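One structure is given below, encoded as structure tokens.
Chains as they are written, first to last, in this note's numbering: chain A, 1 to 231; chain B, 232 to 566.
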């Protein structure tokens, strides 16, 4: 397992593994949010600019709400995702894997001010680099975690042949290796694929009928096809 | 059992569960529809976790495990979400929870009070003795702005502010004062230093200005202005400072917990105080914009009303949220 994976045991006795989001994706998400906030404020300003002094007061309240509560409202009502987080494919959750609630979200977002100190998120970045879950100070105090949202887009294995079942049970690691080989093999030449696959030839091609034709790679891909769900 | 059979047997149930999860996630945004279709949600969720454990144990393909795990995560998030009842609970919180929370954290509340009011009083007295002290603490530019703001002579020529600009000031006070309260809270996580800084700094500032105003004899305009909203505003700032001190203190002295856990616990308790501080500061902004600045009432009235506000705040924190005293009735002891 990669060390950026965080295992959370749920009360039903199974473990969920979550990929913790790092400094780069979170910073990018923050910058996107910053631009969204500015855009919102610019839009609001242009609309209520017509309301004169009263509009000015309204604008100051809007600035206050957007400045402090924009992330809170999104995190609570949008499954832990602000616009920036959504576009980076990350989300905030509580430490125990449950969705973030009002209090946690408010704590982590108010403490953004402390993360910003002494300048340009100095303490926040420092804390993220020291902490194994990339938590900034706000996350530490709120007990929250920023994780990558699980993606389920598996690349298609495009070839005609039917999948074949392996003759012996394979461990998860072996299955993963076979599948990722099949997925990567479309990126390399056929001879290179066969060359790599040749390590497994004694195992895959035990009863090969045509010894002069090298189709070990294809056999492995067919295994992968079966393992992936034999479509 | 081979994976194919396994999938064949259960995939229908997984599909059903997935539609249920979709429903739950939709309900979160739009409460009106279809909660009656969720009766066996818990059973389905538990069954899915069982399937996931089996699939892992039997080394089924990573794709299947991935898919089940994704479902289990969504199920977990749906099933264990906390009730978002904050708005329904606001009323209860204001009447009971907040004063009780402040009393529970009395240690931090009084520390924050001391950090704010002691420098305030000391600097106020010092400024009375050494009038030039004001220029060391406050920017001369700001001093002259202050002087013109509270000049009693100006009042005669000044006109009543329109309600438009009252509202503008309301927005201004919300943005500034609550922003300062949030900073006072947040700074506390830095080993309480941030909160201490903001409390002391504001104490110095306010003490110096009050002393200076007294020196130049603008008492009535200034103190009749600040006494009204001061009850709420100063208390709000002190309480958010206390909340910040709690965070820092949890890191400094975590007790039986790990520092991390102590911090999370303190955060949970401290945010209650911050909610309350927001409540007080909203009142303060309202009073400051629409009452304190008005010139239609005499200074004397403002002193009376302001004192009443202070009394209300003190009583609020002293008496509300106490457990109801159980009347001892003889019959209960008899039986």
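We put the CB at the ideal spot given by N, CA and C, even for glycine. Model, not experiment: these values are computed from the prediction.
A distance below 8 Å separates the beta carbons of residue 36(A) and residue 84(A). Taking residue 142(A) as the centre and dropping the five residues before and after it, the same chain places the C-beta of 104, 107 and 108 closer than 7 Å to its C-beta, in chain order.
In terms of Cα proximity to residue 469(B), the closest of 439(B), 411(B) and 282(B) is 411(B). If you compare the alpha carbons of 282(B), 512(B), 252(B) and 453(B) with that of residue 408(B), the shortest gap goes to 512(B). The segment 144-193 of chain A is shown to contain whole alpha helix (DSSP H) runs of 4 or more residues at 172-185, in chain order. Taking the beta carbon of residue 483(B) as reference, no residue of chain A falls within 9 Å; the closest one sits roughly 14 Å away. One finds 113, 114 and 117 in chain A with Cβ atoms closer than 9 Å to the Cβ of residue 425(B), taken in chain order. Counting along the chain, residue 112(A) sits inside the alpha helix (DSSP H) bounded by residues 112-116. Counting along the chain, the unbroken alpha helix (DSSP H) around residue 67(A) starts and ends at 52-77. Scanning chain B for C-beta atoms nearer than 7 Å to the C-beta of residue 68(A) yields 413, reported in chain order. The three-state secondary structure of residue 5(A), taken from DSSP, is strand. For the set 530(B), 286(B), 272(B) and 253(B), the Cα lying nearest the Cα of residue 240(B) is the one of 286(B). Contact check for residue 537(B) against residue 447(B) fails: the beta carbons are separated by 8 Å or more. For residue 484(B), no beta strand (DSSP E) run applies, since DSSP gives it neither H nor E. Residues of the segment 171-191 of chain A with a C-beta atom less than 8 Å from some C-beta of chain B are 171, 172, 175, 176 and 179, listed in chain order. The shortest C-alpha to C-alpha distance from residue 149(A) to any of 44(A), 74(A), 79(A) and 221(A) is the one to 79(A). The alpha-carbon of residue 433(B) is positioned some 10 Å away from that of residue 427(B).
Per DSSP, the beta-bridge partners of residue 93(A) are 99(A) and 145(A). Sequence-distant Cβ neighbours of residue 400(B) in its own chain, meaning closer than 6 Å and more than five residues away, are 520. Cα atoms of residue 67(A) and residue 341(B): separation of roughly 30 Å, rounded to the nearest angstrom. Taken through DSSP and simplified to helix, strand or coil, residue 412(B) comes out as helix.
Listed along chain B, the residues sitting closer than 7 Å to residue 63(A) by beta-carbon distance are 406. Just so you know, the alpha carbons of residue 28(A) and residue 38(A) end up roughly 15 Å apart.
Exclusion of the five residues before and after residue 493(B) leaves 481 and 485 as the residues of its chain whose Cβ lies within less than 6 Å of its Cβ.
Residue pairing by DSSP leaves residue 105(A) without any beta bridge partner. Among the bridge pairs identified by DSSP, residue 17(A) is matched with 7(A). Residue 33(A): member of the alpha helix (DSSP H) spanning 23-48, first to last residue.
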